[in-house]
Structures are given as C-alpha cells and as structure tokens.
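In the working numbering, the protein residues as written are 9 to 996. Glycine is no exception: its CB is placed at the ideal position from the N, C-alpha and C atoms. Note that the structure is predicted; figures quoted are calculated from it, not measured.
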Amino acid sequence: MSENLKKAIGSGDHLILVDGSSYIFRAYHALPALIRKADGLPIGAVSGFCNMMLKLLREQINGGKATHLAVIFDSSRITFRNEIYSQYKAHRPEAPDDLKPQFALIRDATRAFDLACIEQEGFEADDLIATYSRQACERGAKVTIVASDKDLMQLVRDGISMYDSVKDRVVDEAVVIEKFGVPPEKVIYVQALAGDSTDNVPGVPGIGVKTAAQLVLEYGDLETLLAHAHEIKQPKRREALINFAEQARISEKLVTLRQDVPVDTPLEDLVAHDPDPRHLIAFLKAMDMTTIARRASQVYDIDPTEIEPDPRMLPGGEGIVWKAPVRRETPATDLFVSAAEPNAKAASNKVDAAQSAAMALALQNAENIRKLPFDHKKYQTVQDVEQLEKWVERAREVGVVAFDTETTSLDVMQADLVGFSLAVTPGEACYVPLQHKSQDADLFGDGFLGGQIPLKDAMAVLKPLLEDESVLKIGQNMKYDWVIMKRYGATIAPFDDTMLISYVLDAGRGSHGMDELAKRHLEYATIPYSQVAGTGKNAISFQRVDLDKATAYAAEDADVTLRLHMVLKPRLVAEKLTTVYETLERPLAAVIARMEMRGISIDRNILSRLSGDFAQGMAALEAEIYELAGESFLVSSPKQTGDILFGKLGLPGAKKTATGQWATPASLLEELASAGHELPRKLLDWRQLAKLKTTYTDALPGYVNPETDRVHTSFSLGSTLTGRLASSEPNLQNIPVRSEAGRQIRKAFIAPAGHKIVSADYSQIELRVLAHMADIPQLQKAFADGQDIHAATASAMFGVPVNEVNSDLRRSAKTINFGIIYGISAFGLAQRLGIGNGEAANFIKQYFERFPGIRDYIEDIKKTCRENGYVTTLFGRVCHYPLILTGKPQERAAVERQAINAPIQGSAADIIRRAMIRMDDALKEASLSAQMLLQVHDELVFEVSDDEIDKTLAVVRKVMEQAAEPAVSLKVPLVVDARAAQNWDEAH
DNA sequence: GGAGTCACG
DNA sequence: GACGTACGTGACTCCT
C-alpha cells in the first residue's frame, strides 16, 4: 500500500472486506491441488485466491465500484477467546501439509495485488471484519464481506451484505434465516445454544440449530431464555438449559464478534486502487500461474512476455512480504551506533505482522524442502566458460547461491583449489572442475586433465559473482572457502553460513557439520568423502577423483548447503535469534579468517634449544625415577606408572579409574610429594617436561607454513557450547604460561623486526559478568572502586578489613569465586583448598549469606533451564541442555553446573566477540596498521608497528572496554590490561 | 579410537 | 546411605 493513499469513508462509498483466512480453507478443499512445477510448491488455494482477486480487481477496482478494500487474515491461533475458553478451536486438526505453505503465499499474493493485508495479534479475522464493517456502516458506506464463513452471518444487515465467492452467491437475510432459522441479529443466540463442534464452542448438550432457533424465536435472546428455563416443558431440554446455562453464556461470548477492535490500520487507509500491473504479473509468473497472468495482462493491456518472474517468489526466494534478509555484512560501526536497545534480544528481534506472515511462508517452505529427493544425475559438470557464465547468470537471477570449494588439503593455508560447486535451487547444482589430474599420474604426467576451464578464466567469471553485493553466497563453514578464495584473489561477500546458523539455533543439540545437519534436517545421508576418495592408504587426493564422481559429491554439497539454508535461516527469525547471528556470528567469520591468514611469527631457534634442554632434563629424571622405582618402566605410560606407585610400592591414596587401572593424576602425585615421597615429585617434573616438549617445542615448528614462514592456527566458531572459540592445529589457546619452564615457550612467539607483540586481556571478565547478571551490589561496588576482587570477597566473607586480608584468606576467596562460576560443590572446593568437606560447606554457606543474590541467581538459572531446556547469555545466545530433566541425579547435577556456568562464560565470550568484530574497523579509522592475530578467550594478541604502539594500545583498550555497549550497559566497568613487548611472554 | 593426562582460559 | 563431585577446550601418549 502506498503511503499517500488515504480517503475518509462516507455515504456512497463501498468497502469490500475479503476474509483471507476462511477463503483459503474453503478453496483448498474446493479446488484441485495444483503445484508449481519448479519445486512442487502447492499453489491450488493461492491460485484460487488470485483468480478471485483478479475478478474483484476487474469488476470492482478497475471498474471503479469499490472505494475501499482490504484482505483480512487471522494472525495466530491464540486470541482473546482462548482467555474466555481455553479449549476454543483447540480440536482443530492441523492444516494438511500441502496447505500450510499457502497461508504465507496468500499474503504474498495480497501484496502482489497491492492490497491492504490486515491482521492483528489477539484477534480473529472475523473480529476485524466486524469492526471495519460497523465503522463503515456508521459512516453511511456500503459494505460487502467476501467470505464463506457462517460466523460472519451475524453481521448481515442493511448496508452490510456477504458474498460467498466459493459458491458464487450473495448471502442476504433470507439466506441467513435459511441457515440458522433466525434473522442475522439473533444468530449469536442460536450459535450459543447449538454450539459448534469445529470451533469447539460447547453450547448446550442436546440442543441443535433447529431447537435453538425455535427457543430464540420464542424468548427473543439468550438471557431471557435462560431466565425462563424452568418453564420449559421438555424435561431433558429444561435440565440441560439449567445445568449448562453458564456454558451457554460462555458460548455466546465466543461466537459474538468484536466490533470494537482498536485497529492498527484506520479505515481511510484501505483505499481501493490498481496495483502496479508489472509487479502483479511478475508475481503470477513466478508462481506458475500463467493463465491468470495472461488475464491480468489483458486488463492492463501489457505484453506479459516482457515481464520477468519476480525472483523473490521463485524457488529459494525470500518472498514478497518478508523483505530479503540484510544482504551485507553488518559493518562494525553499526554495532557502535545502532540499536539503542535495552535488551538486545527483545528489541532487535521485533517481528511485525508482515514479517511473521513471511516467516510462516519460509517455515512452510522449509517443510517442503525437507522431503525433496536428491537426484545426482541432474547435477551438471561445467567444462567451458559459456556454461559457467550461464550458471553465474542463474545465480544473479535467483539472488542466492550456495558455494563450496574442493581443494587438496584441509589445511586452508596450504590447500590448492581443485574445483568449486554452485547450487541455485534445490536440485539445480553444478560442479566446476578446475585443476583435476589424471587418476594415473605416470601415464599422463602431472598436467591437468583436459575439459577443464583454465583457472584464470574461471576466476574472471566467478570473482564478480562472489563479490556481487546483490547475490547472497551460502556456505557451510564459509570461513574455509572464504580463505581459499581470498588466496585466489576474491573476497566472498555477502555470505551466510549454515554451520553458524545451526550453531546459533541448536547449540547443545548436536554438532553442526554438514553430514549431520543433512541427516537431521533433510533426512538425507550425504555421500561420504571416503566413498569418493577412498580411505586409509588407498586414499587419493580429490584432485585425482574422476569428474563424474567429483560432480556427484561436490554438487551435492552445494545442493545440501542450499537446502539447509532454506530450512534453517527462517528459524532465526521465528526463534528470535537473528540478532545473535547477525551481530555475534556472521561478521566474525571474516574477522577470524583474516586472523588465520596473518598467522604469527615464531622463533624456531628458541624452541629447538628448549627441546634439547627438556630432553636432557627428562633423561636425568628418568634415571632417578628408575633408581627410586627399583626398575625401569615406560614413564609416559600412566598404567605402568600406577602399577609401580600403587602395585609395587604400595603408596597410599590409590584410586582406580573407570577402566580399572590405577589413576595417577597430577593432583594425587602432588599430594604424595607433599607427604614426602620422592618418586611422585620426579614423575611430576618429568611429565611437565614431556608435555612441554612433545606438545609445544617439538610440535610447533612443524606448523610453520613454508610460504609465509608463520604459524596459522585454525579457530573454530561452532565447536563450543558457550560461544567460545576453539583453536587447533596448532592450539594456540593453551600455550604455557603458568610455569616458569612453560613461559619460555611463550618467548618464542615474537614480532618481526620493527614490530611488537601487544597483548590485551580483560581483567576478571567472568566475575564482572556475574556481578552484573546476578546483580550483586557489593561486588559491583568493589569493581567500580577498582578493588582487588578476591581480597574484597575475603573481606566480606571472613569479616576482616580489606587491608588485613592475608594471602591465605585471599587464596581461599579466589578459589571460591572460581567455584561459583563453575557451579560450586563443597567436595570440589574442599579438594582444591585442601580442607575438609564440612569446612568447605561452611565457606559456601558463608559466601551465600554475604551474597544472597548469587544463590538466587543460581536457583533462577536452574529453574529457567528446567522450564525452557536452555539458558541464554546477556546478548541472547542460547545454549540448550536437553538432559536437564532426564538422566540420573548426578548426571542432572552435572548438567545444572554446566547451565550455571554457560551464561557467565558465554556472555564473556560474546563480549570479546563484539570487540573483535569492531576492532579492524576501529584500527583502520584511527589509521593504525595493527593486526589482530590471536584470541585466547579473554585476551587479544596483536602485531603492532613500533611507532604506533601507544595509539594502538588506546584504541584496543577502548574497543574492548566498550564492547558490551550499546546492547548491554554493564553495571560494572570492564577493565583491560594491555602491554607491548618483543615477545608474547613479556607482553602478557 | 578411547582413555588418561595436562596445557590454557 | 551411597555416589561422584567445578566450567570450557585440544593434543599427546598409550594400549586395545
């Protein structure tokens, strides 16, 4: 509807109100079940609707008879009537599968006709129709209700008539009397008595329409009848009316349409007008309604062949009502200025009626997608540029394309591109081989197979598509493909990532790999990679896979990804997780991709010298260990170590693991060492050196990329339950820092000449998040005053002034503070503090007495988790715990602890994510060349040019400290410590 | 490939 | 009265 179309209604005007909701049910059953050929989308009822609307258009609008017109829909199943009677419409069977998607399509159709599409939360279409009818009637206008719902018959009177479009007849007073036996104004009494089984209106048992009409005609209205119920002669009828009087009154309320709905859209906005015929015809063509399109084009004298189908309505399109999702990456600055949102989740996910209609469309489409079969024979192998150009053209038409690369390696920084696949609609997918080799290298040498587009030519066609702002690229773990394509000179944007969407929707409900998602959401088992490339030592590179097999595998991946997107993306809106995805996930992927590509410099000399030192130390310790044990054994074997310690030497404190062997954890060896035993101490020392050597000093040099001479870790965005990142191959989030020997390894992480390493870490971020979320005034004040939080906790718990807290008390308080974050237990605390269970329990009791808000908070989390099955972070990230209600008591307790920890750890993770997303732009804006290299949960590591250190420190600090704003205003300050040095150890 | 251990936040 | 006992990761070694 155009904004400027307004016209007050009055005498001589004619208002047409179309009941969209009841129409679709009637049409569905009355008309043949048509489908759209392209994707099997059911369109029978919608096509009937369009036929009817075109008729209205021709006769009433184009013909100039109607002055005002609107199509009215039910908003949701829940209305005020459910408050009166919870069972109202409760037994309505669910709509058939091939009807469901048409609810949303019919709204799209209404928009295509450029008609007002009215629905209102809490009210049925009938109430809106009753309200508009009354308003128009009062102002002297004529009203026609286009509907086939008997409930609307109560509205018929002078000036208000009904037209049943399915039966093509006018419903006047005579028809109403024929149906109900009473004139329209008494219909509600008949309905109140007779009830209605389809709407589950109870009525009075034993009284049907005929009896009801007879009674109403005799007594005039329901109340009079009930007042005289005892006079009725028939005993059964009399008893029923007396016993079910109240039920009749409720029924009356249910069937009486509200004529006083505070309508959102005023009557004068419903001006009838012609649509833009080109839009209408484009819609009809996209929906496969060629006959109707032709008729529409005749009305407006337009050549329909000139008009392209509306891409929004084509398979994979986003629909008309539901505006296409933001097809650009959220710029970091948006996070600073936008969204004056008190509550990130609630505010930014407002769903208006139009959106919800479109949401329904998308969700129903998703239902269809689930069951579409896969046909590998339909996939095309693209072997020349012309074909590729056609696919790119198709992608532009549709506006959405799934994209997947095939390469020679999982190591994204070493992988060579072998080919790529595209999918534009379900089943419409191709594979473009680029650098495949013959399966028999000896015979044909190392050259590439024929029948492949030269890489350069392919990139010339592909790159503009990947960078086309108006085409959404969909990937599964897009970070991988993003880096690959970046290395070949193309920047993928905008993009969506099905793995990340799944992560946002279903964290805690399973993993987010493509095979698993295909199984879960498409009921489809993907071709295993092993079936294509073999397994074990017979495995071949994807480069050597023959093109038919490669096409089946690769095109399927793109096809699956596209379908997953169709199934999952609408759920973001429906489940109000769009903001989480748009502000915490999607923009981070490219940020992380760039970090991974940069890598970090290490000094291999330091590491090899340390390896030598550690080897020497281990050898010396081994000799002593054998001496003390009285025999030699494999020190690296926990089993043999256990046998020596507890079997042979009989040391105390022995416990067995689940598998029946002796457990030899460091904590136990520590205990034994403190008790004066020499061997456990030596073992501890040996283990420490072995760990440092094998995991770090020996292994890290092997990760240096020969081309960049740097180490490129891989950060995974979707592998934790809480929103944290994880780092692997190598894991650079667990580089030693706690021991002196370990810190030597950090010294090997260096900045190149002319640069420094800058490390910036949040001080106590999780405790600050807890102080905010649990709303603990004392803790908030301690943080605001810049106090030592552990000393402050000790002071509050043990009742001593802060400056008199000794190191023992502070250590206890610190352990308790951590314990709280992890879901404390007396036993765990006792273990860690080396005190008795009882004493630990007392500490906890003391803590909760000092900070009762914490206990309330913990109880609250547990309660909401039990009720919802999930918990959320400050920024709306959801973490599911399906086992919170099942499982054995101790398993449940474990889940509860996870649920307590998740909002704290997760909110902190969200905060640093926000900082990272803004960081690159903030640095650029300050004309700084600093490069973000690593994230270690509460720390960011940068490489900074010597002459920009101070400015960079200031920007980094500011971005990190303000990261929660404006979505959340924390009640505690965030404090960041940042330092520059030549290596990571000294910067930290 | 699971279990045990230990590096980090 | 028994039971297992702090949250989140990844890598290495042993051993079946």
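- For Tyr-439, there is no enclosing alpha helix (DSSP H); the residue is found in the beta strand (DSSP E) stretching over 436-441.
- Scanning its chain for C-beta atoms nearer than 6 Å, with the 5 sequence neighbours on each side dropped, one finds around Ala-526 the residues Tyr-532, Thr-534 and Val-568, in chain order.
- DSSP links Arg-177 through a beta bridge to Asp-172.
- Nearest to Val-154 by alpha-carbon distance, out of Phe-81, Pro-911 and Ile-824, is Phe-81.
- Annotation for Ala-986: the continuous beta strand (DSSP E) segment containing it runs 984-989.
- For a cut-off of 8 Å, the C-beta gap from Gly-48 to Asn-376 is around 7 Å, short enough to register as a contact.
- Note: Thr-139 is not bridge-paired with any residue in the DSSP secondary-structure output.
- One alpha carbon belongs to Glu-524, the other to Ala-962, and they sit about 44 Å apart.
- Pairwise C-beta distances place the stretch 663-674 out of contact with the stretch 587-605, as fewer than three of them are shorter than 8 Å.
- His-76 is positioned such that its CB atom lies closer than 9 Å to that of Ala-144.
- Between the stretch 28-42 and the stretch 161-180 there are three or more C-beta pairs closer than 8 Å, enough to call the two in contact.
- In the DSSP assignment, Glu-951 falls within the beta strand (DSSP E) that extends over 947-953.
- If you ignore the 5 residues before and after Pro-646, its C-beta comes within less than 7 Å of the C-beta of Thr-672, all in its own chain and listed in chain order.
- Here DSSP, grouped into helix, strand and coil, assigns Met-927 to helix.
- Beta-bridge partners assigned by DSSP to Asp-504: Ile-482.
- Tyr-878 is bridged by DSSP to His-888.
- The continuous stretches of beta strand (DSSP E) do not include Gln-460, and DSSP gives it neither H nor E.
- Counting along the chain, the unbroken alpha helix (DSSP H) around Met-61 starts and ends at 52-64.
- Taking the CA atoms as reference points, Lys-690 sits about 6 Å from Ile-633.
- In the structure shown, Leu-942 adopts extended strand secondary structure according to DSSP, grouped into three states.
- Bridge partners of Leu-23 according to DSSP: His-76 and Val-151.
- Nearest to Lys-932 by alpha-carbon distance, out of Ile-919, His-529, Ala-759 and Val-964, is Val-964.
- Within the same chain, Cβ atoms closer than 6 Å to the Cβ of Ala-799 are found at Val-810, Val-813 and Arg-818, the five residues on either side in sequence being excluded.
- Residues Asn-208 of the same chain have their beta carbon placed closer than 6 Å to that of Gln-95, with the five preceding and five following residues left out of the count.
- Ranking Val-432, Asp-122, Lys-494 and His-22 by CA distance to the CA of Arg-147 puts His-22 first.
- In this chain, the alpha helix (DSSP H) harbouring Ser-675 covers 674-682.
- The three-state secondary structure of Thr-543, taken from DSSP, is coil.
- Collapsing the DSSP output to three states places Ala-103 in coil.
- Inclusion of Leu-787 and Ser-820 in the CB contact set at 9 Å is not warranted, their separation being larger than that value.
- With 16 or more other Cβ atoms from the protein chains shown falling within 10 Å of its own Cβ, Pro-441 counts as buried.
- In the three-state scheme derived from DSSP, where H, G and I count as helix and E and B as strand, Lys-194 is classed as helix.
- Using a Cβ distance threshold of 9 Å, Leu-380 and Pro-434 count as a contacting pair.
- Sorting Arg-617, Lys-979, Arg-571 and Leu-936 by C-alpha distance to the C-alpha of Pro-709 places Arg-617 at the top.
- The three-state reading of DSSP puts Lys-853 in helix, counting H, G and I together.
- Per DSSP, Asp-816 lies in no beta strand (DSSP E); the unbroken alpha helix (DSSP H) holding it starts and ends at 815-830.
- In terms of CA proximity to Ala-779, Leu-982 leads the group Val-469, Leu-982, Ala-16 and Asp-268.
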